[in-house]
Amino acid sequence: MAVIEGSINSEERTKRNIAVLNFGTNDKTNCVSILETGLYLTEKYIGKIINSSYLYETQPEYIILEKTNLDRRVTEEEFHSNIHEINEVITKLEKCKYEEEDKLIYKCEEYVNFINNEKINDKKIKEINVDIYKMETRKIIKENDKIMKINLEKYKNKYYTNYFFNLIVIVKTFIDNPLNMLVIIKYIEQLMKRKKKKKNLHKFQNRIIDIDILFFNNFTILEKNINLNYDDIYNIITQFIFIKKDDNNSSSSSSSSSIRSRGSISSSGSISRSGSISRSGSISRSGSISNNNNNEKKKRKKKNKMIERVKDSINFLCIPHVYTKYRYSILLCLNDILPNYKHVALGETINTLFTNYEYTFKYTHNINLKECNKRLYVLRDKIYYLKKKTHIVGILNVNYDSFSDGGLFVNPTIAVKRMFEMVNQGATVIDIGGESSAPYVVPNPSISERDLVLPVLKLFQEEWNKKEKNKVGETISGEGVATGEKMHYTTTKPIISIDTVNYDLFKECVEQNLVDILNDISACTNNPEIVRLLKRKTKYYSVVLMHKRGNPHTMDKLTQYNDLIYDIKNYLEERLNFLVLNGIPRYRILFDVGLGFAKKHDQSLKLLQHIHVYDDYPLFIGYSRKRFISHCMDQNCLTNTGAATNTGTNTGAATNTGTNKDAARNTGTNKDADADTDIMDDNPCNSSHDKKGKWLFQLNHMRGDKDRLLFHKNICGGLAIASYSFYKKVDLIRVHDVLETKAVLDVLAKIHQC
Numbered sequence: 001m002a003v004i005e006g007s008i009n010s011e012e013r014t015k016r017n018i019a020v021l022n023f024g025t026n027d028k029t030n031c032v033s034i035l036e037t038g039l040y041l042t043e044k045y046i047g048k049i050i051n052s053s054y055l056y057e058t059q060p061e062y063i064i065l066e067k068t069n070l071d072r073r074v075t076e077e078e079f080h081s082n083i084h085e086i087n088e089v090i091t092k093l094e095k096c097k098y099e100e101e102d103k104l105i106y107k108c109e110e111y112v113n114f115i116n117n118e119k120i121n122d123k124k125i126k127e128i129n130v131d132i133y134k135m136e137t138r139k140i141i142k143e144n145d146k147i148m149k150i151n152l153e154k155y156k157n158k159y160y161t162n163y164f165f166n167l168i169v170i171v172k173t174f175i176d177n178p179l180n181m182l183v184i185i186k187y188i189e190q191l192m193k194r195k196k197k198k199k200n201l202h203k204f205q206n207r208i209i210d211i212d213i214l215f216f217n218n219f220t221i222l223e224k225n226i227n228l229n230y231d232d233i234y235n236i237i238t239q240f241i242f243i244k245k246d247d248n249n250s251s252s253s254s255s256s257s258s259i260r261s262r263g264s265i266s267s268s269g270s271i272s273r274s275g276s277i278s279r280s281g282s283i284s285r286s287g288s289i290s291n292n293n294n295n296e297k298k299k300r301k302k303k304n305k306m307i308e309r310v311k312d313s314i315n316f317l318c319i320p321h322v323y324t325k326y327r328y329s330i331l332l333c334l335n336d337i338l339p340n341y342k343h344v345a346l347g348e349t350i351n352t353l354f355t356n357y358e359y360t361f362k363y364t365h366n367i368n369l370k371e372c373n374k375r376l377y378v379l380r381d382k383i384y385y386l387k388k389k390t391h392i393v394g395i396l397n398v399n400y401d402s403f404s405d406g407g408l409f410v411n412p413t414i415a416v417k418r419m420f421e422m423v424n425q426g427a428t429v430i431d432i433g434g435e436s437s438a439p440y441v442v443p444n445p446s447i448s449e450r451d452l453v454l455p456v457l458k459l460f461q462e463e464w465n466k467k468e469k470n471k472v473g474e475t476i477s478g479e480g481v482a483t484g485e486k487m488h489y490t491t492t493k494p495i496i497s498i499d500t501v502n503y504d505l506f507k508e509c510v511e512q513n514l515v516d517i518l519n520d521i522s523a524c525t526n527n528p529e530i531v532r533l534l535k536r537k538t539k540y541y542s543v544v545l546m547h548k549r550g551n552p553h554t555m556d557k558l559t560q561y562n563d564l565i566y567d568i569k570n571y572l573e574e575r576l577n578f579l580v581l582n583g584i585p586r587y588r589i590l591f592d593v594g595l596g597f598a599k600k601h602d603q604s605l606k607l608l609q610h611i612h613v614y615d616d617y618p619l620f621i622g623y624s625r626k627r628f629i630s631h632c633m634d635q636n637c638l639t640n641t642g643a644a645t646n647t648g649t650n651t652g653a654a655t656n657t658g659t660n661k662d663a664a665r666n667t668g669t670n671k672d673a674d675a676d677t678d679i680m681d682d683n684p685c686n687s688s689h690d691k692k693g694k695w696l697f698q699l700n701h702m703r704g705d706k707d708r709l710l711f712h713k714n715i716c717g718g719l720a721i722a723s724y725s726f727y728k729k730v731d732l733i734r735v736h737d738v739l740e741t742k743a744v745l746d747v748l749a750k751i752h753q754c
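Mapping of the sequence shown onto the UniProt record's numbering: position 572 corresponds to residue 572, and the numbering continues sequentially without gaps.
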């Protein structure tokens, strides 16, 4: 950590503490933006986030217990935060006096000491006796329960929400004590436009964000009736943040002395060198009192009001937080990151408290709390319920070497046409790759991954922006990218994933806002620095971590495992731990077991058989058209492969084209731009005149030099795996055949609804 000169004394520079913070909001529409803005401000003004729980949609127990009645009488208030206003504030933030070095970390000693209940540093803070803590917190909870009961009875016809969105983070902080941290937290809440609670109002209120301290080091603290004045708050904040106090609230200065310090107006109206405006209105070269100064005063007044609100919001401090072991939402998040932690005031490990809470609630009320509290993962700025739905990731290979469609989408116009097509067919995510990882492929050094990928991403961005201007109802209308024909697309922009291990390419994509997900087959080991690109101020990027060994030339020889299932799972968990240690939210990390990568055919099948071991994680699997699928199918399951489909001709490998010339042009060996436009795509659904032929089975988007029998097997088998993924609740499946896969998933979903 670098410290700005003169701001912090040398003794304080090396001290670190560990704090555990709980974040919550009840704005469902904007919860990701709100919480991740909170994370950004935490790292800016409090310290480095070194662990995070999953994000959860939680229901308060008082809602759950009255669920049967609430369904009839709850009337939720619409609550949408002004995100644009918050974003505007973020662009004008004051600097922090501490600047954390932006380097990857591989270990945190303070964190290890915290987990083991060991001394973290020499800082001494007055603590409370554990027995007194327990007695006092029981009193507080009893009083709050009475207030809650009154509220529930008085406002039984209107709750402000049915749910909250919660996560917990662990911070390695430069703030020296919990009271100072509480002040900074309340300041952050004010930056995010949290409204002041109205006095004498018992009814529940919407809150854009809540941030609570759960633990600070291993201290036990209880402070009641805290009474800080304006100067106390100001002095604490300015220990860590550069802000200026409003002159009217300063006892040591006045407006006249302030003016004298800047310069003065002479009797003749001329200005001193220090700067002012003359009576004639002219401005000296050295400076002026202008609108900028007025704006500065306005800013100071706003800041003054914020400090006043911070002062009014602080009157109590309890660590561990009063409700740490009395709120399921807190224990749920803590169990993700600190299951074995045992604070002396709590008496048991977090996991024991969590398990006992679930059991007691189930035994007492016959309600399973897990079913009422849902784990989430995040893609772009949207929440997805874990294991709720299988989403389709459409594959777009824009290189010459991919094993089934290499060379078909190198032309950006045709690639973008395919992207729009996959969106319309039901793909939630489009995964674009410019470098093949197929076995034994040797990349052409004269063709860069960047030059293959960026033109496609930029063109798609341009075309989507054009079509968004032509929204009609729930569709986007416009001319087809390549053909000029009228086409209609969903209004929901697809999430864009880039399949790369290239730091420079991903950096360029991030800087130009072209992608939402990093799909890294090396699990960020090829260049660990790429992890630092996954967060940029208030924007975070999701990442897919895949297991593999070696490279395309060696991976087929690296298939020995002590325990196939758990060797791979442990590896992925280690990579996840590295990313969360470096501030990447856990809910933005997805796992891919890497089917076919350093796995024999039977090993890939075994991984699918045991896919349930990833039930607690967002899972992304890529099986499409891979060799292991045809390996497990009977060789005689498909016959009559020599006949061309729907053309009336028998052209062997040139299936669906009617000419061998077209097949030759689709081998991917011709690197001329014109060759890229001849896509082997004979799907009748592309013709507006042939509705009946829409569902005839085709080999679409296939290189003409490939074994048709093999790929018929792979595609049919792939649809079987899509069905299996549906039943096993796999979150995302990466496929070439979007239309066919979507049909399978839709039918299965319909069956389950009946």
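By construction, the Cβ of each residue, glycine as well, lies at the ideal position given by its N, Cα and C atoms.
Beta-carbon proximity check, residue i vs residue j, cutoff 8 Å
i	j	result
VAL580	ARG586	yes
TYR341	ILE49	no
CYS96	PHE240	yes
TYR133	ALA427	no
LEU353	TYR328	no
ILE213	ALA19	yes
ASN526	VAL501	yes
VAL378	VAL32	yes
ILE432	VAL456	yes
SER624	ARG734	yes
VAL738	GLN425	yes
VAL416	GLU463	yes
LEU167	CYS318	no
ASN519	ASP504	no
ILE521	LYS548	yes
ILE211	ILE307	no
Assigned exposure category for residue i - 16 Cβ within 10 Å defines buried
i	result
MET546	buried
GLU57	buried
LYS469	exposed
GLY484	Confidence is the limiting factor: at GLY484 the pLDDT is only 49, short of 50, which leaves the residue's position unreliable, though a coordinate-based value still follows. So GLY484 counts as exposed.
GLY550	exposed
PHE420	buried
GLN560	exposed
ASP616	exposed
PRO178	buried
PHE242	exposed
GLU348	exposed
CYS632	exposed
THR364	exposed
When the options are compared against residue i, the one with the closest alpha-carbon
i	options	result
VAL531	ILE589, TYR45 and LYS493	ILE589
MET181	GLU573, PHE216 and PHE164	PHE216
VAL423	THR492, LYS28, ILE337 and GLU143	THR492
TYR106	ASN51, ASN151 and GLU61	ASN51
PHE460	ILE414, ARG16, VAL744 and ALA722	ILE414
TYR540	LYS28, ASN17, ILE34 and PHE242	ILE34
ASP145	ASN166, GLU110 and GLU61	GLU61
ILE90	ASN129, TYR54 and GLU36	GLU36
LYS172	CYS372, TYR45, ALA598 and GLU348	TYR45
TYR614	LEU93, ILE125, ILE120 and TYR571	TYR571
ILE621	VAL310, LEU595, ASN162 and GLY47	LEU595
LEU576	SER542, HIS712 and LEU222	SER542
LYS388	ASN30, THR25, LEU745 and THR29	LEU745
Which residues DSSP lists as bridging residue i, in chain order
i	result
GLY47	THR173
HIS391	LEU732
ASN17	THR173
GLY433	ASN397 and ASP499
LYS374	GLU57
ARG536	LYS539
ASP232	Paired residues: none, contrary to the question.
Assess, as a yes-or-no matter, whether the region 500 to 514 is touched by the region 390 to 404 under the definition of 3 or more beta carbon pairs within less than 8 Å. no
Would the region 739 to 751 count as touching the region 401 to 420 if we require 3 or more Cβ pairs under 8 Å? no
Quick test of the definition: if touching needs 3 or more C-beta pairs under 8 Å, does the region 596 to 606 touch the region 24 to 42? no
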